[in-house]
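Colleague:
There are 2 protein chains.
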Amino acid sequence: MTEAHRRKKQPEQVRQQLLEVAARLSHEQGVAGITLDAVSQAAGVSKGGLLHHFPNKLALLDGLFDDLVTRFNREIEAAMARDPVAKGRFTRAYIDVCFALDPATDVPGWRMLTIALIAEPHLKSRWRDWVGRRSVEFAETDASTGCMLARFACDGVWLADLMQSHELDAEARAGLVENLKALSAQ
Amino acid sequence: MTEAHRRKKQPEQVRQQLLEVAARLSHEQGVAGITLDAVSQAAGVSKGGLLHHFPNKLALLDGLFDDLVTRFNREIEAAMARDPVAKGRFTRAYIDVCFALDPATDVPGWRMLTIALIAEPHLKSRWRDWVGRRSVEFAETDASTGCMLARFACDGVWLADLMQSHELDAEARAGLVENLKALSAQ
DNA sequence: ATAAAGATACCGTCTGGACGGTTTGTCAAG
DNA sequence: CTTGACAAACCGTCCAGACGGTATCTTTAT
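Chains as they are written, first to last, in the working numbering: chain A, 3 to 188; chain B, 3 to 188.
#1: Comparing C-alpha positions only, which one of B:Y96, B:L20, B:A88, B:A44 sits nearest to A61 (chain B)?
#2: Identify the continuous alpha helix (DSSP H) that holds K183 (chain B) and give its terminal residues.
#3: Using a Cβ cut-off of 9 Å, which residues of the region 156-180 of chain B contact any Cβ in chain A, in chain order?
#4: Just by C-beta distance, which residues in the region 124-149 of chain B are closer than 8 Å to chain A?
#5: At a CB-CB cut-off below 8 Å, which residues of chain B make contact with T116 (chain A)?
#6: L27 (chain B) versus chain A: which residues are under 9 Å apart at the beta carbon?
#7: Can you name, in chain order, every residue of its own chain whose Cβ lies under 8 Å from the Cβ of Q18 (chain A), other than the five neighbours on each side?
#8: From A:Q31, A:A44, A:T37, A:L27, pick the residue whose C-alpha is nearest to that of V16 (chain A); which is it?
#9: Quick one: grab the DSSP three-state call for S42 (chain B).
#10: Verify whether the separation of the beta carbon atoms of L53 (chain B) and N181 (chain A) is less than 8 Å.
#11: Please report how far the alpha carbon of E22 (chain B) lies from the alpha carbon of T72 (chain B), in whole angstroms.
#12: Do the region 173-188 of chain A and the region 145-159 of chain A touch if we need at least three Cβ pairs shorter than 8 Å?
#13: Could one say the Cβ of F154 (chain B) lies closer than 8 Å to chain A's Cβ atoms, at least one of them?
#14: For D144 (chain B), which option in B:K183, B:A174, B:P13 has the closest C-alpha, if you only look at C-alpha atoms?
#15: Does I36 (chain A) come out as helix, strand or coil in the three-state DSSP assignment?
#16: Given that a residue counts as buried once 16 or more other Cβ atoms are within 10 Å of its Cβ, and exposed if not, what is D163 (chain B)?
#17: Can you have a look at R175 (chain A) and say buried or exposed, based on whether 16 or more other CB atoms are within 10 angstroms of its CB?
#18: Taking the alpha-carbon positions, what's the W112 (chain B) to L70 (chain B) distance?
#19: On the DSSP letters alone, give me the boundaries of the alpha helix (DSSP H) that R135 (chain B) sits inside.
#20: Since E21 (chain A) meets chain B, which of its residues come closer than 8 Å, beta carbon to beta carbon?
#21: Going by C-alpha distance, which of B:A40, B:H124, B:I36, B:R153 is nearest G203 (chain B)?
#22: Could you please give the first and the last residue of the uninterrupted alpha helix (DSSP H) stretch that includes P13 (chain B)?
#23: Interface residues of chain A around R113 (chain B) at Cβ under 8 Å?
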């Protein structure tokens with residue numbers, strides 16, 4: 003009842019909790035699982051509490067998008083920093099990050115994002131912006147057909163992970179990574 | 003009122019009409035646009051009529067899935083029949099069919115399907131079955147890393163078309179096709 | 001050949017529940 | 001004592017599906 007009133011107020015932590023729960027629910031129950039009721043309840047917060055942090059559902063999806071893209075960006079940049087060769091550097095980072103995703107833990111969040119991306123015109127355009135900026139930024143080093151091809155293949159693998167449609171063992175994945183990296187240098 | 007009762011009964015045609023309308027609606031209004039009311043009304047059929055053909059909403063999605071996969075299969079087989087070389091034949095057909103999709107007309111149906119695939123565990127497993135059967139069937143000719151890679155890249159391009167995230171002109175697409183086909187022979 | 005007897009293909013309304021969002025209230029920290 | 005961080009009840013809408021019909025087609029019995 004007044005439970006949450008008594009506990010220490012940690013708005014930032016609650017906000018993070020809400021995002022995590024939303025990602026988890028989308029994994030367990032599909033898109034339909036992301037309802038304000040379900041998210042708030044699973045996060046141990048009332049619906050009003052959720053709507054205090056995110057004024058409406060779209061804002062919640064937006065927050066999730068920001069969160070995940072920020073994380074993705076950070077990993078890409080970290081991977082790029084480790085790569086001494088300029089040509090195809092972005093593409094190799096893309097490959098590494100995509101294949102480093104642990105299907106059991108990381109994919110769920112992205113699964114939801116994909117669905118939201120395709121379903122929500124608003125998020126779709128934000129994603130397009132991200133892709134557009136990146137492709138301009140790395141036009142000098144990563145615009146070759148080989149690089150594009152490699153990145154598209156990453157997306158395909160990622161999609162396969164998402165819908166668990168292909169059974170790829172570690173060996174097959176390693177083989178793919180090797181070939182893709184070769185393409186990125188071409 | 004009794005209008006539709008008087009018209010000739012054409013169950014198969016009505017069924018097809020319902021599927022077409024469902025695909026169209028998902029294109030125009032997103033997944034949320036696929037409601038029993040909207041589909042039935044746009045197809046010029048009552049809700050009861052729709053539920054006569056498809057006992058519930060999942061059955062409607064199932065029907066859509068069957069319809070589209072059947073069409074996809076037919077095109078794949080037609081493309082394979084035109085290819086004299088055994089090695090990588092399936093993969094090349096896959097490439098052709100994926101790139102032959104007219105983003106303006108064919109994608110809408112697939113867009114909805116993708117969303118449903120990711121969102122609906124039931125359809126997801128049916129898709130997995132299809133992929134599994136195909137990959138067994140063409141294990142001899144299309145199991146090389148190059149072939150797999152090419153097909154994954156197709157999926158990536160198809161995803162990009164779906165969310166209109168990349169601006170690919172005809173030239174870039176042609177270049178991709180060329181490279182992918184080279185990979186299929188490797 | 002034909003009429004009765006289903007079977008099939010629909011129609012139109014109703015309901016119960018879910019869901020996004022609002023409002024009002026309450027507690028606690030600064 | 002004001003403001004931020006919640007709680008809890010509530011509202012309007014939308015939607016899936018149930019239900020009870022009616023009209024047309026098909027089969028069967030005569």
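Glycine included, each C-beta is placed from N, C-alpha and C at the ideal position.
Modeller: If we stick to the structure as given:
#1: B:L20
#2: For K183 (chain B), the enclosing alpha helix (DSSP H) begins and ends at 172-187.
#3: C156, D157, G158, V159, W160, L161, A162, L164, M165, Q166, S167, H168, E169, L170, A174, G177, L178, E180
#4: K126, W129, R130, V133, G134, S137, T147, G148
#5: Under the 8 Å cutoff, chain B gives I120.
#6: None at all; the shortest Cβ gap to chain A is about 13 Å.
#7: none
#8: A:A44
#9: Note: S42 (chain B) maps to helix in three-state DSSP.
#10: no
#11: 14 Å
#12: With the cut-off at 8 Å, the region 173-188 of chain A and the region 145-159 of chain A touch.
#13: yes
#14: B:K183
#15: Coil.
#16: D163 (chain B) should be labelled buried.
#17: exposed
#18: 8 Å
#19: 123-139
#20: Residue identity check: residue 21 (chain A) is Leu in the sequence provided, not Glu. Chain B residues near L21 (chain A): none, gap ~20 Å exceeds 8 Å.
#21: Lying before the first or after the last residue shown, residue 203 (chain B) is absent from chain B, which here runs from 3 to 188.
#22: 13-31
#23: I120
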